[in-house]
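The working numbering numbers the first residue of the sequence shown as 170 and each following residue consecutively.
Just so it is clear, CB atoms sit at the ideal spot from N, CA and C, and this is done for glycine as well.
A quick write-up on the structure given underneath.
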Amino acid sequence: MPLLRQRGLTEQAATTAVDQACRMLRLPTIRSQFPDLAETASREQMSYLGFLAELLLAECDDRARRRSERRIKAAGFPRDKSLRKFDFEANPNIDAAMIHTLAKCEWIKKGLPLCLIGDSGTGKSHLLIALGTEAAMAGYRVKYVLATKLVNELVEAADEKQLTKTIARYGRVDLLCIDELDYMELDRRGAELLFQVLTEREEKNSVAIASNESFSGWTKTFTDPRLCAVIVDHLTFGGTIIETGTDSYRLATTRARAEQQSLG
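Laid out in C-alpha cells, this is it:
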C-alpha cells in the first residue's frame, strides 16, 4: 500500500511517515535511530544533506556490523577469542607485531597458508580463532573445524557419494582453519581425503592449522611418509610458520591464580 504524501506534516505525522517508510524499505537502523539523529541535527543546525548523510551512514555501518556477525557465526568458532584478549607478555615466543600484521589479512588475500606449532596451552587455538575472527570481520568467508571432524565428514561423504560436493564446499571459503591436526592417526584413506581438500585450495584460498607436533612428528598422524611430506609441503609453501613454544602459559596462569587464592 503506497504511503500518502503531503506537505506540511505535523511532527507526529512526519515521524509516523518515516517509521512506515523505513519498514517498507527495510531500513531498521534509520528507523530506530531517526528520532535521536533528528534531535542532534536540529541542535547542531545540520544541513539537510548532512542529516541525510548521517542517516545513511548509520544504516551502512549497522549493516556492515550485522554482516560481520553473520560471517563469524557461519565460521563455527567453538568460543569467542580475540587478539585484544591475547596475553603476548605471557608468551614471549610469539611476536605481537607479526600477529597484528597477519590480522590485516594480506596473506588470505594472496591465498597463503599459516601454521601454528607448539605445545598445549601456548595459545595456538586462541590465535587461530582470533585471526579467523579478524578475517571474518574483514569480509572473508571463514570456516573453523577440528581435524578429526573434518576427516570423519570426508569419510562419510565418500561413503555416501557426496565427496565432490563436500570438498567443493570446503574449497569455497576464503580461510579454512583446521585445529588439533595432530590429535589423531590417519590411515592412508583419511590422509588422502584431507589431501584432496588441501589440493582444492592450493594457491587459491588460505589454510591455517594448529598442531601440538612439529612437522617431524607428523608421521604419527599421517602414517604414509610420502603423503606426509607432500601435505607438509602444501601447508608451508610460501606461508608463515609460528612456533608458540613449549611452556604452557595457560597452566602457569592457573597455578599463579591458585597460589594467590591460597595466600588470600
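- Annotation for residue 317: 349, 352 and 353 place their beta carbon closer than 8 Å to its own, counting only its chain and skipping 5 residues before and after.
- Boundaries for residue 309: no alpha helix (DSSP H) harbours it, and the DSSP string shows neither H nor E there.
- Rounded to whole angstroms, residue 228 and residue 206 show a C-alpha spacing of 12 Å.
- Look at residue 413 here: in three-state DSSP terms it is strand.
- With distances taken between CA atoms, residue 334 lies nearest to 322 out of 344, 322 and 345.
- Beta-bridge pairing by DSSP links residue 346 to 313 and 377.
- When DSSP states are grouped into helix, strand and coil, residue 274 belongs to the coil group.
- The C-beta distance from residue 287 to residue 414 rounds to 5 Å, short enough to fall under 8 Å.
- Beta bridge pairing from DSSP links residue 391 with 355.
- Closest in alpha carbon position to residue 268, among 295, 279 and 243, is 295.
- Counting of Cβ neighbours within 10 angstroms places residue 390 among the buried residues, the total reaching 16 or more.
- Residues 403 of the same chain have their beta carbon placed closer than 7 Å to that of residue 371, with the five preceding and five following residues left out of the count.
- Burial is judged here by how many other beta carbons sit within 10 angstroms of a residue's own beta carbon; residue 291 has at least 16 and is buried.
- Burial of residue 246 is indicated by the presence of at least 16 other C-beta atoms within 10 angstroms of its C-beta.
- Taking every protein chain shown into account, the CB of residue 293 has 16 or more other CB atoms within 10 angstroms, so this residue is buried.
- By the 16-neighbour rule on beta-carbons within 10 angstroms, residue 218 is exposed.
- The beta carbon of residue 306 is closer than 6 Å to those of 237 in its chain, skipping five residues each way along the sequence.
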